[in-house]
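Residue numbers (the numbering used here), protein chains in the order written: chain A, 1 to 132; chain B, 1001 to 1132; chain C, 2001 to 2132; chain D, 3001 to 3132; chain E, 4001 to 4132; chain F, 5001 to 5132.
Here's the structure, in structure tokens; my notes come after.
Number of protein chains: 6
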Amino acid sequence: MATVPLLSDEEAGPRARAVFEAIREARGTDYVNNFWRALAHDEAALEETWARLSRLMGPGALDPLVKELIYIAVSTANGCSYCVHSHTAAAKAKGMTPEMHAELVATIAMANQTNAQVTALQVPVDDRFDEA
Amino acid sequence: MATVPLLSDEEAGPRARAVFEAIREARGTDYVNNFWRALAHDEAALEETWARLSRLMGPGALDPLVKELIYIAVSTANGCSYCVHSHTAAAKAKGMTPEMHAELVATIAMANQTNAQVTALQVPVDDRFDEA
Amino acid sequence: MATVPLLSDEEAGPRARAVFEAIREARGTDYVNNFWRALAHDEAALEETWARLSRLMGPGALDPLVKELIYIAVSTANGCSYCVHSHTAAAKAKGMTPEMHAELVATIAMANQTNAQVTALQVPVDDRFDEA
Amino acid sequence: MATVPLLSDEEAGPRARAVFEAIREARGTDYVNNFWRALAHDEAALEETWARLSRLMGPGALDPLVKELIYIAVSTANGCSYCVHSHTAAAKAKGMTPEMHAELVATIAMANQTNAQVTALQVPVDDRFDEA
Amino acid sequence: MATVPLLSDEEAGPRARAVFEAIREARGTDYVNNFWRALAHDEAALEETWARLSRLMGPGALDPLVKELIYIAVSTANGCSYCVHSHTAAAKAKGMTPEMHAELVATIAMANQTNAQVTALQVPVDDRFDEA
Amino acid sequence: MATVPLLSDEEAGPRARAVFEAIREARGTDYVNNFWRALAHDEAALEETWARLSRLMGPGALDPLVKELIYIAVSTANGCSYCVHSHTAAAKAKGMTPEMHAELVATIAMANQTNAQVTALQVPVDDRFDEA
């Protein structure tokens, strides 16, 4: 299921094909996953998203693997099935062990639990947490 | 605003007071934040939540600071204002620098963006992402 | 804060004032809460919402108090602060005890936890759960 | 998968069948989509939902196509796969071009990004935005 | 699809197998559903989750069936497809009639509607709803 | 409340100040709202966000006002209070009438209602909605 066709290399426009090539080179694989093939209908969005994502997810103030874990956490909270799948695969490729995966899931689950307790009780923010 | 009164040390039951003391000892501060004072109406939940949270957020397969970043990511996606505030303070106390904070926010924001693109386009999960 | 003014009885149109009177009569109080005063800019929506809500939340296949608990659960999951506050007040008025409130919060929290575990692990639905 | 059987014309009750006929007439097609067949177990809800939806989504202060775009935006933010699919089909039927679709997706994605930045930073509402 | 393999009895560790047996005994069936088989990679989480869930969902201040309805409400608001399916099956097993199911869905739907109205209008919480 | 200080013109770095000036010029007002002052800690994110947002929200395949309505819809579904306030103000500045606002709220509310009905019933996507 999808709301747009997934574009093959042949169907994609020249700017989209160039992004497909950049993805292949960066990842060292011929495979281009469905997200990019769906986004390829909007070549400007495809270019912008790939450029920003590949820059952000590389080395920086946070480790690339840590950023994949954060991505999984957000994707889980948003209920984005595709995103949970693709970023779990990416995290494994970057070194996530089964023990780290289990602890990630436990942390996401605990955060969802205490978020719900806080929201159900409507706990007011402590003054000392304010930085404004 | 809250849907239950925040219990002072005097108003809390004996089991709740014992948790308050454990929190003070673990954190090296006299301050007990509002979440625990709201949860203190349900002493069993207070005990269980504190025990599990303090065990989970300590050293493990993931670094304690990384787990705070994950907590902030989930809390942001869930729109839990109190939780974003309290875990941002906790992350700073565990060493989060302004540069790490900025990169965390950028990662959360990018994940929300691509989650939305995926969901709007209803991208089907690639077979290779399946582990079942 | 609000994105529209809250209409007083004097500022509201005649159809809105009639709904305000119906609310007063149904609840046996002179107080009309802010939700209805904000919605009063759209008199048709105000009438429709009050009519449907008051019919739905009365006796039926489910007890009125149970329906308030369900309302709190949804409002918590959606992070609607106003709604959690107003329906917690309504549930108390219909007989929710502190013990019931604590168990409601624990159930909402547990559901958020296991929802997150399921979503992070992307558990496939068992065939036997399908009714289609 | 579904939590209730989808009712065929033969299985549906008389009030549900009347709604099916109204849908067919309004849309000029014999096809009744799954949502209505699932909702048909609750004939009152089916009638009320169809009546309100068909009135709301027709001409008004906003163009019918604009309202479909809003529906897609909400459905995406809520992660409702069925709803994204059905309202994207409806928007196309009402004239949504590929360029409009791409710009809609870009707007939804950008809104999710800045929503996340705001929530992670807990930006306080400017006084001038208050209308209450 | 899943991000971890579902463990059979043979593949699961001894602590996981013991939980599988407890599930079978509590439910009077040989069948262990996918959630537990996915969670079995983290035996501590599996034990803790089953222990807390089975205690919480039993008799208490709220009826077991009411707690299943609350679970369905939260799972729906979170868009957790698996959870909606599994808890709808559990609610039926505990006595939920088609009439109760229809009224549950109507209540969840109405709550989502009024939550959205409140949030779009940013209605401020009435002072009288505050318990802090 | 905020998790970072809101930077004044004096406190902001040179790249942030340049964005503040661009905002002032584009809007014809001296006022820079809190979102940009909070984001100014990350000058690259500030520049990127302003550049992309101002380009996207201008004329295109969709009318600028329509894009503000979409922004309000997403912000409401995400429960982002700041975002609902700021984009409602922006929509009014671009010509949203009270009648359009009321119809927008009604559409968002109806979408949340039917999203919930679909999710609670787990309606399977009709084959004809698939474009992949």
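By construction, the Cβ of each residue, glycine as well, lies at the ideal position given by its N, Cα and C atoms.
- Closest in C-alpha terms to residue 5119 of chain F, from the list E:4081, E:4014, E:4091 and E:4110, comes E:4081.
- At a cut-off of 7 Å, the C-beta of residue 5021 of chain F has no neighbouring C-beta in chain D.
- Secondary structure note for residue 4085 of chain E: its alpha helix (DSSP H) is the uninterrupted segment 4081-4093.
- Between residue 5073 of chain F and residue 3038 of chain D, the gap from beta carbon to beta carbon reaches 7 Å or more.
- Listed in chain order, the positions of the region 2073-2090 of chain C with a beta carbon within less than 7 Å of a beta carbon of chain B are 2079, 2084, 2085 and 2088.
- Chain-order list of chain E residues neighbouring residue 1132 of chain B: 4001, 4002, 4005 and 4006, by C-beta distance under 7 Å.
- Between the alpha carbons of residue 5054 of chain F and residue 5036 of chain F lies a gap of roughly 13 Å.
- Chain A has a Cβ within less than 7 Å of the Cβ of residue 1056 of chain B.
- Of all residues in the region 5104-5125 of chain F, the ones placed with a Cβ closer than 7 Å to any Cβ belonging to chain A are 5125, in chain order.
- Residue 1008 of chain B is classed as exposed because its beta carbon has fewer than 16 other beta carbons within 10 Å across all chains shown.
- Interface flag for residue 2060 of chain C against chain E is set, since a Cβ pair is found closer than 7 Å.
- Between residue 1046 of chain B and residue 107 of chain A the beta-carbon gap is near 20 Å, outside 8 Å, which marks them as no contact.
- Chain C places no beta carbon closer than 7 Å to that of residue 1009 of chain B, leaving this residue out of the contacts.
- Residue 98 of chain A reaches chain E at 4041, counting residues in chain order whose Cβ is nearer than 7 Å.
- Following the DSSP letters along the chain, one finds residue 4054 of chain E inside the alpha helix (DSSP H) bounded by residues 4043-4056.
- The Cβ-Cβ distance between residue 75 of chain A and residue 1078 of chain B does not fall below 7 Å.
- With 16 or more other Cβ atoms from the protein chains shown falling within 10 Å of its own Cβ, residue 1002 of chain B counts as buried.
- The C-alpha of residue 1014 of chain B lies about 12 Å from the C-alpha of residue 1022 of chain B.
- Residue 2025 of chain C counts as exposed, since fewer than 16 other C-beta atoms from the protein chains shown sit within 10 angstroms of its C-beta.
- For residue 5117 of chain F, the enclosing alpha helix (DSSP H) begins and ends at 5098-5121.
- Taking a Cβ-Cβ cut-off of 8 Å, the neighbours of residue 3067 of chain D in chain F comprise 5103 and 5107, given in sequence order.
- Of the residues E:4094, E:4069, E:4127 and E:4064, the one whose Cα lies closest to the Cα of residue 2086 of chain C is E:4127.
- Around the beta-carbon of residue 4031 of chain E, fewer than 16 other beta-carbon atoms lie within 10 Å, marking it exposed.
- Between residue 4123 of chain E and residue 2112 of chain C, the C-beta gap is not smaller than 7 Å, which leaves the two residues out of contact.
- Counting along the chain, the unbroken alpha helix (DSSP H) around residue 4075 of chain E starts and ends at 4064-4077.
- Taking a cut-off of 8 Å for Cβ pairs, the region 1085-1105 of chain B and the region 5089-5103 of chain F do not touch, as fewer than three such pairs fall below it.
- For residue 3017 of chain D, the enclosing alpha helix (DSSP H) stretches over residues 3014-3027.
- Note on geometry: alpha-carbon atoms of residue 2042 of chain C and residue 2016 of chain C lie some 8 Å from one another.
- If the five residues before and after residue 3064 of chain D are omitted, its C-beta is found closer than 8 Å to the C-beta atoms of 3057, 3058 and 3094, all from its own chain and listed in chain order.
- Boundaries of the alpha helix (DSSP H) around residue 38 of chain A: 34-39.
- Against chain C, the CB of residue 4038 of chain E has a partner CB under 7 Å away; the residue lies at that interface.
- The beta carbon of residue 5012 of chain F sits no closer than 7 Å to any beta carbon of chain B.
- Out of B:1088, B:1019, B:1125 and B:1070, the CA that lies nearest to the CA of residue 1048 of chain B is found in B:1019.
- A residue is called buried when at least 16 other Cβ atoms come within 10 angstroms of its Cβ; residue 4109 of chain E meets this threshold and is buried.
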